[in-house]
Amino acid sequence: MKRGSPSTVVAGLHDIPDGSEFDFVVLGSGAAGLSAAVFAGLYGARVLVVERSGLIGGTSALTAGTLWLPGAYPVDGRSPEEDRLVAGRYLEQATGGDRLAALRGRYLDAASDAIALLERRTSVTFFRRDNHPDYLGAVRGAAVSGRAIEVADFDGRVLGADLRLVRPPLRNFTILGGLAPNRDETRRYSVIAARPASREGVANAVRAFPRVARHLADLLIHRRSSRLTLGNALIGRLLASLMRLGTARVVLNAQPVTLTRGEAGIDAVRIDDGRSSRTIRVSRGVICATGGFTRGPRRESVLGGLPLEWSAVADGARGTAHSLLESVGAVFGRQGTDAFWAPVSLPPGRDGRTEPYPHFALDRGKPGFVIVDRLGRRYLNEADPYHLLGEKMLAHADRAGAPSFLIADESAVRRYGIGAVRPGGWGRRRRLRDGYLTRGRDLGELGDLLGMAPGVLSETIERFNSFAERGEDPDFGRGADPYQRNLGDARQRPNPSLGVVARPPFYAIRIYPGDIGSASGFATDEHARVLDAGGRPIGRLYALGADMRSIMEGGYPGPGITLGPAVVFAHLAIRDAMGDPPGDPP
Ligand SMILES: Cc1cc2nc3c(=O)[nH]c(=O)nc-3n(C[C@H](O)[C@H](O)[C@H](O)COP(=O)(O)OP(=O)(O)OC[C@H]3O[C@@H](n4cnc5c(N)ncnc54)[C@H](O)[C@@H]3O)c2cc1C
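Numbering (our numbering), first residue to last: 64 to 649.
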């Protein structure tokens, strides 16, 4: 594909004749939907992707692009095949139940084949991310390296004019007007920001120069960065693969309004874009991959009406297609706490739009940070996996909106930043002005400003500091497993996760339990076929990604446990719909 060439993929609904037939209609253009479209293309099938928003990529475009994929690489001296068995035993303990064990087994068996097929035949490439531990390090079989894979950066110029259609990354995770550093760059750029004059800072700045220069040129030419990283790279690579295959059309700003069920199952979908409608006949399957329910009406009925502004999920996830699935008998299955969670803070944007900042890894588990409730008391382990932390916050907070506070001292803010305030303290003044950040000359003043009873915050921090000096946290066990230590700072001794909160001034930001994806979703079998109330598959209807009930049963055992199954079950669904052909596609 020539750089800058126009789209061969995106079409208007008016370009699709009424009554056209496709092998598949895929609803949603996130990682799940696009993976299904790519796999279908590899098997020679024609696909219509229908996307409700004007952008491609959904929440998937906002992610780190990490997939939890046991069986792709050796782990702790075990071959990939051996590790698959160990990972299976780990999952038995680490997930929230045992009803979906068969689906997890299928996932583990099928994972490496799906990824190998993508890597062999499409533009999608991954690499092994070392030191990305499983999240429940105390559970037997947890691994430190080898199960998390990440998508490789991508040159978005390959997409030509369609580059502008890829949903941009979360702006709080970008710098300089849209440069989204990948994981390694984030580490390097933090050193530049925190210690610009140090030898390491200067070396990193020299190394970053070409990347930054290209980004600035991109802003002039494309009005966005053309070097796609993380979730943007995953979506860019899937889209480029569709372009190469030439088997799919993507229609934006359109959605399904009816599903028609014939003898063999769903045989037609009516699509509407607000100006026109088309009935599309479907010969192999309808794939529902619309990104889950958490921003739709079920936010009220399932999540108890948590404020929408806490949601880090892209705005398309309103479950608008879900009632159609239910109209043909699909069953929405609840599990765990229904969603996946992370602590989020709410930095106001310059345009008045607040986009949540998910606190995944960059601050809360580092030395010098503590989380307290609104009374000023510690109530959890700050270095726990973000989903677990979100659940604890939900259980502790009153759902009406009481925040917890992430507290840090001057040293920690300078080293690591705090939320939208960058390492080196960049952005501090603005964030003090807009109220995102609160600063106290001492802990007494900070506690006062946060509305806490006199002395409580100081007492909490005094106790915490005594633990930090010893490198042990008898209250909550912080830094006890490889995940928690990895989240910390290796330079911190004896416990990488624990450092005192001692150097004034002191800072706080408000944090809330924010949803980052759906755990509850449509009940499916191990081919991702949607099931009815009797547990029977509804013909030619599949659910994937956040629309499929998570195979982890509400648990969050490792990094990438939503995108991994999204891609792998996309392959399984397509294979099933194509009649389970032997071996790879021709
Ligand atoms: C900041 C962040 C980082 C994350 N990082 C990771 C990670 O690294 N690894 C991981 O495994 N998980 C991660 N997650 C979770 C992950 O993002 C989601 O679970 C995953 O993206 C869901 O993919 P999907 O394809 O099902 O949905 P989406 O990517 O949300 O795509 C769904 C698409 O469907 C469209 N749509 C909605 N309704 C309709 C309709 N009626 N008709 C047509 N189209 C419709 C939406 O507009 C959207 O474009 C992260 C989440 C967040 C918020």
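Ideal Cβ placement from N, Cα and C applies to all residues, glycine included.
Asked	Found
At a cut-off of 6 Å, is Ser339 close to ligand 2 when judged by its beta-carbon and the heavy atoms of the ligand?	No copy of ligand 2 occurs in the structure displayed; its ligands are ligand 1 alone.
In whole angstroms, what separates the C-alpha of Gly354 from that of Ala377?	8 Å
Here's the rule I'm using: 16 or more other beta-carbon atoms within 10 Å means buried, otherwise exposed. How should Asp247 be labelled?	exposed
Taking 7 Å as the threshold (C-beta atoms), are Ile579 and Pro406 in contact?	no
Using a Cβ-Cβ cutoff of less than 6 Å, which residues in the same chain neighbour Arg66 once the five nearest sequence positions on both sides are dropped?	In this prediction, Arg66 has a pLDDT of 45, which is less than 50 and means its spatial position is unreliable; nothing more can be read from the coordinates.
Determine contact between the region 554-569 and the region 421-432, defined as no fewer than three beta-carbon pairs at a distance below 8 Å.	yes
Sorted by chain position, which residues of the same chain lie with C-beta nearer than 8 Å to Gly507's C-beta, five sequence neighbours on each side aside?	Pro517, Gly518, Leu520, Ser521
In this structure, does DSSP put Gln156 in helix, strand or coil?	helix
Could you name the residues of the same chain whose beta carbon sits closer than 8 Å to that of Pro649, not counting the 5 residues immediately before and after it, in chain order?	Gly107
When DSSP labels each residue in this structure, what does Gly453 get in the three-state scheme?	helix
Leaving out the 5 sequence neighbours to the left and right, which residues in its chain are closer than 7 Å to Thr249 when beta-carbon positions are compared?	none
Taking the beta strand (DSSP E) that Thr501 belongs to, which residues open and close that run?	500-503
Are Val345 and Val88 closer than 7 Å when you measure CB to CB?	yes
With a threshold of 6 Å, establish whether the CB of Val21 neighbours any heavy atom of ligand 1.	An answer regarding residue 21 cannot be provided, because it is not within the stretch 64 to 649 covered by the chain.
Which residues mark the beginning and the end of the beta strand (DSSP E) in which Val391 is found?	First-last for Val391: undefined, no H or E at that position.
For Ser374, which three-state DSSP category applies?	coil
Does the region 290-303 touch the region 124-131, meaning 3 or more C-beta pairs lie closer than 8 Å?	yes
Taking the alpha carbon of Met611 as the reference point, which residue from Ser289, Glu182, Phe395 has its own alpha carbon closest?	Phe395
Short of 6 Å in beta carbon distance, which residues of its chain neighbour Tyr151, apart from the five on each side in sequence? Order them along the chain.	In the sequence as presented, Tyr is not what sits at residue 151; that position holds Gly. Cβ neighbours of Gly151 beyond the five flanking positions: Leu171.
Roughly how many angstroms lie between the CA atoms of Met306 and Asp536, to the nearest whole one?	53 Å
Rounded to the nearest angstrom, what separates Gly264 and Arg485 at their Cα positions?	15 Å
In terms of alpha-carbon separation, which member of Arg191, Gly168, Gly617, Ala633 lies closest to Arg592?	Ala633
Does DSSP classify Arg603 as helix, strand or coil?	strand
When every heavy atom of ligand 1 is checked, does at least one fall within less than 6 Å of the C-beta of Gln555?	no
Under 6 Å: does the beta carbon of Ile579 sit that close to some heavy atom of ligand 1?	yes
Measuring straight from C-alpha to C-alpha, what distance separates Pro360 and Gly120?	22 Å
Which word fits Leu302, buried or exposed, when buried means at least 16 other C-beta atoms lie within 10 angstroms of its C-beta?	buried
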